[in-house]
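The sequence shown begins at 12 in our numbering and counts up by one. Ideal Cβ positions, reconstructed from N, Cα and C, are used throughout, including at glycine.
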Amino acid sequence: MSSMAKNNVWELVDLPTGRKTIGNKWVLKVKCEADGSIDKFKARLVAKGYTQKEGIDYEETFFQVVRFASIHLILAIVAHLNPELFQMDVMTTFLNGELDEEIYIDQPIGFQEIGKKHKNMPLETFHIWTKIII
(Lines of atoms letter the chains of each structure in order from A and count residues from 1; the text may use other names and numbers.)
(Lines give C-alpha, C1' and ligand atoms only; values in the text may rest on other atoms or scores of the structure.)
Protein backbone atom coordinates (compact mmCIF):
# COMPACT_ATOMS: atom_id res chain seq x y z
CA MET A 1 0.00 0.00 0.00
CA SER A 2 2.88 2.37 0.71
CA SER A 3 4.22 1.85 -2.85
CA MET A 4 0.78 2.63 -4.24
CA ALA A 5 0.43 5.77 -2.12
CA LYS A 6 3.94 6.96 -3.04
CA ASN A 7 3.18 6.47 -6.76
CA ASN A 8 -0.17 8.30 -6.58
CA VAL A 9 -2.07 5.24 -7.76
CA TRP A 10 -5.41 6.54 -6.55
CA GLU A 11 -7.45 9.15 -4.78
CA LEU A 12 -10.89 8.67 -3.24
CA VAL A 13 -13.73 10.01 -5.40
CA ASP A 14 -17.46 9.60 -5.85
CA LEU A 15 -18.32 6.99 -8.46
CA PRO A 16 -19.58 8.70 -11.64
CA THR A 17 -23.17 7.93 -12.63
CA GLY A 18 -23.43 4.82 -14.78
CA ARG A 19 -20.05 3.44 -13.73
CA LYS A 20 -19.40 0.34 -11.65
CA THR A 21 -16.48 -0.64 -9.50
CA ILE A 22 -14.28 -3.69 -9.72
CA GLY A 23 -13.96 -5.60 -6.47
CA ASN A 24 -10.58 -6.58 -5.10
CA LYS A 25 -9.01 -9.00 -2.66
CA TRP A 26 -5.76 -9.53 -0.83
CA VAL A 27 -3.39 -12.33 -1.85
CA LEU A 28 -1.16 -13.20 1.08
CA LYS A 29 2.17 -15.01 0.91
CA VAL A 30 4.81 -16.10 3.40
CA LYS A 31 8.39 -16.04 2.08
CA CYS A 32 10.66 -18.57 3.78
CA GLU A 33 14.41 -18.93 4.04
CA ALA A 34 16.17 -22.11 2.82
CA ASP A 35 16.11 -23.49 6.37
CA GLY A 36 12.32 -23.08 6.56
CA SER A 37 12.31 -20.04 8.84
CA ILE A 38 10.04 -17.15 7.92
CA ASP A 39 11.78 -14.37 5.99
CA LYS A 40 8.85 -12.00 5.49
CA PHE A 41 5.13 -11.72 4.93
CA LYS A 42 3.91 -10.25 1.64
CA ALA A 43 0.50 -8.97 0.62
CA ARG A 44 -0.66 -8.07 -2.87
CA LEU A 45 -3.91 -6.33 -3.72
CA VAL A 46 -5.52 -7.77 -6.86
CA ALA A 47 -8.66 -6.78 -8.71
CA LYS A 48 -11.37 -9.26 -9.50
CA GLY A 49 -10.79 -8.76 -13.22
CA TYR A 50 -13.10 -11.64 -14.08
CA THR A 51 -16.03 -9.30 -13.39
CA GLN A 52 -15.05 -7.05 -16.31
CA LYS A 53 -16.91 -7.38 -19.61
CA GLU A 54 -15.12 -6.96 -22.96
CA GLY A 55 -16.45 -4.01 -24.94
CA ILE A 56 -17.96 -2.46 -21.81
CA ASP A 57 -15.15 -2.24 -19.26
CA TYR A 58 -12.22 -2.63 -21.66
CA GLU A 59 -11.46 -2.88 -25.37
CA GLU A 60 -8.30 -4.99 -25.59
CA THR A 61 -6.01 -7.03 -23.37
CA PHE A 62 -2.25 -7.35 -23.47
CA PHE A 63 0.79 -7.88 -21.31
CA GLN A 64 4.13 -6.36 -22.20
CA VAL A 65 6.97 -8.88 -22.18
CA VAL A 66 10.31 -9.16 -23.91
CA ARG A 67 10.65 -11.92 -26.49
CA PHE A 68 13.35 -14.47 -25.66
CA ALA A 69 14.80 -14.03 -29.16
CA SER A 70 15.45 -10.33 -28.38
CA ILE A 71 17.32 -11.17 -25.18
CA HIS A 72 19.26 -13.88 -27.00
CA LEU A 73 20.28 -11.40 -29.72
CA ILE A 74 21.46 -8.80 -27.19
CA LEU A 75 23.52 -11.39 -25.31
CA ALA A 76 25.06 -12.63 -28.58
CA ILE A 77 26.09 -9.06 -29.50
CA VAL A 78 27.57 -8.53 -26.03
CA ALA A 79 29.48 -11.82 -26.27
CA HIS A 80 30.87 -10.85 -29.69
CA LEU A 81 31.72 -7.17 -29.11
CA ASN A 82 32.52 -7.45 -25.38
CA PRO A 83 31.01 -4.11 -24.23
CA GLU A 84 29.93 -3.57 -20.64
CA LEU A 85 26.44 -4.90 -19.99
CA PHE A 86 24.23 -3.41 -17.29
CA GLN A 87 21.08 -4.90 -15.83
CA MET A 88 18.31 -3.09 -14.02
CA ASP A 89 15.00 -3.87 -12.40
CA VAL A 90 12.14 -1.40 -12.16
CA MET A 91 10.49 -1.84 -8.78
CA THR A 92 6.69 -1.78 -8.84
CA THR A 93 6.83 -1.35 -12.60
CA PHE A 94 3.11 -2.05 -12.86
CA LEU A 95 2.48 1.23 -11.03
CA ASN A 96 4.34 3.32 -13.58
CA GLY A 97 2.29 2.99 -16.79
CA GLU A 98 -0.69 5.05 -17.90
CA LEU A 99 -4.27 3.85 -18.38
CA ASP A 100 -6.49 5.09 -21.21
CA GLU A 101 -9.67 3.67 -19.66
CA GLU A 102 -11.44 4.94 -16.53
CA ILE A 103 -11.44 2.11 -14.00
CA TYR A 104 -12.71 2.31 -10.43
CA ILE A 105 -12.11 -0.19 -7.64
CA ASP A 106 -13.57 -0.47 -4.17
CA GLN A 107 -11.43 0.55 -1.23
CA PRO A 108 -9.41 -2.46 -0.05
CA ILE A 109 -10.52 -4.25 3.11
CA GLY A 110 -8.56 -2.89 6.05
CA PHE A 111 -7.72 0.39 4.31
CA GLN A 112 -11.08 2.17 4.14
CA GLU A 113 -10.77 5.81 5.12
CA ILE A 114 -12.99 6.87 8.01
CA GLY A 115 -15.91 8.97 6.78
CA LYS A 116 -15.26 7.99 3.16
CA LYS A 117 -16.60 4.43 3.17
CA HIS A 118 -18.67 4.91 0.01
CA LYS A 119 -15.91 6.61 -1.98
CA ASN A 120 -14.09 4.67 -4.69
CA MET A 121 -10.63 4.70 -6.15
CA PRO A 122 -10.04 5.49 -9.82
CA LEU A 123 -6.95 3.68 -11.04
CA GLU A 124 -4.60 6.24 -12.52
CA THR A 125 -1.81 3.95 -13.67
CA PHE A 126 -1.15 0.53 -15.18
CA HIS A 127 -1.85 -2.44 -12.94
CA ILE A 128 -1.59 -6.17 -13.08
CA TRP A 129 -4.99 -6.27 -11.46
CA THR A 130 -7.37 -5.87 -14.36
CA LYS A 131 -8.09 -7.55 -17.68
CA ILE A 132 -6.68 -4.54 -19.49
CA ILE A 133 -3.15 -5.84 -19.06
CA ILE A 134 -3.70 -9.54 -18.44
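Quiz prompt | Exposure label - Gly60; buried when at least 16 CB within 10 Å | solution = buried
Quiz item: How big is the Cα-Cα spacing for Gly34 and Asn93?
Solution: Rounded to the nearest whole angstrom, the CA to CA distance from Gly34 to Asn93 is 50 Å.
Practice problem: With a threshold of 16 other CB atoms inside 10 Å of the CB of Ile114, please say whether the residue is buried or exposed. | Solution: Around the beta carbon of Ile114, 16 or more other beta carbons sit within 10 angstroms, so the residue counts as buried.
Quiz prompt | Straight-line gap, Glu50 to Lys36 (C-alpha atoms, nearest Å) | solution = Residue 50 is actually Asp in this sequence, not Glu. So the alpha carbons of these two residues sit roughly 23 Å apart.
Practice problem: List the residues that DSSP assigns as beta-bridge partners of Asp58. | Solution: Checking the displayed sequence, the identity of residue 58 turns out to be Ala instead of Asp. Asn35.
Quiz item: Which residue from Gly47, Arg30, Ala58 puts its Cα closest to that of Ile120?
Solution: Closest in alpha carbon position to Ile120, among Gly47, Arg30, Ala58, is Ala58.
Exercise. Provide the residue span of the alpha helix (DSSP H) that contains Ser48, from first to last.
Key: Membership of Ser48 in any alpha helix (DSSP H) is not indicated, and neither H nor E is assigned to it by DSSP.
Self-check item: Limits of the unbroken alpha helix (DSSP H) element including Ile82
Solution: 79-92
Self-check item: Cβ-Cβ distance between Ile116 and Thr32 below 7 Å
Solution: Their beta carbons are under 7 Å apart, which means Ile116 touches Thr32 by this criterion.
Quiz item: Whole-angstrom Cβ separation of Arg55 and Val38, contact assumed at under 8 Å?
Solution: That pair is a contact at about 5 Å.
Quiz prompt | Euclidean distance between Cα positions of His83 and Gln98 | solution = 14 Å
Quiz item: Do you know how far the Cα of Gln118 is from the Cα of Val89?
Solution: 47 Å
Quiz item: Glu53 and Lys40: beta carbons closer than 7 Å?
Solution: For the sequence presented, residue 53 should be read as Lys rather than Glu. Note that the C-beta distance between Lys53 and Lys40 is below 7 Å.
Quiz item: What distance in whole Å lies between the Cβ atoms of Lys128 and Asp25, which are believed to be in contact at a cut-off of 8 Å?
Solution: Actually they are not in contact, since the Cβ atoms of Asp25 and Lys128 sit about 12 Å apart, beyond 8 Å.
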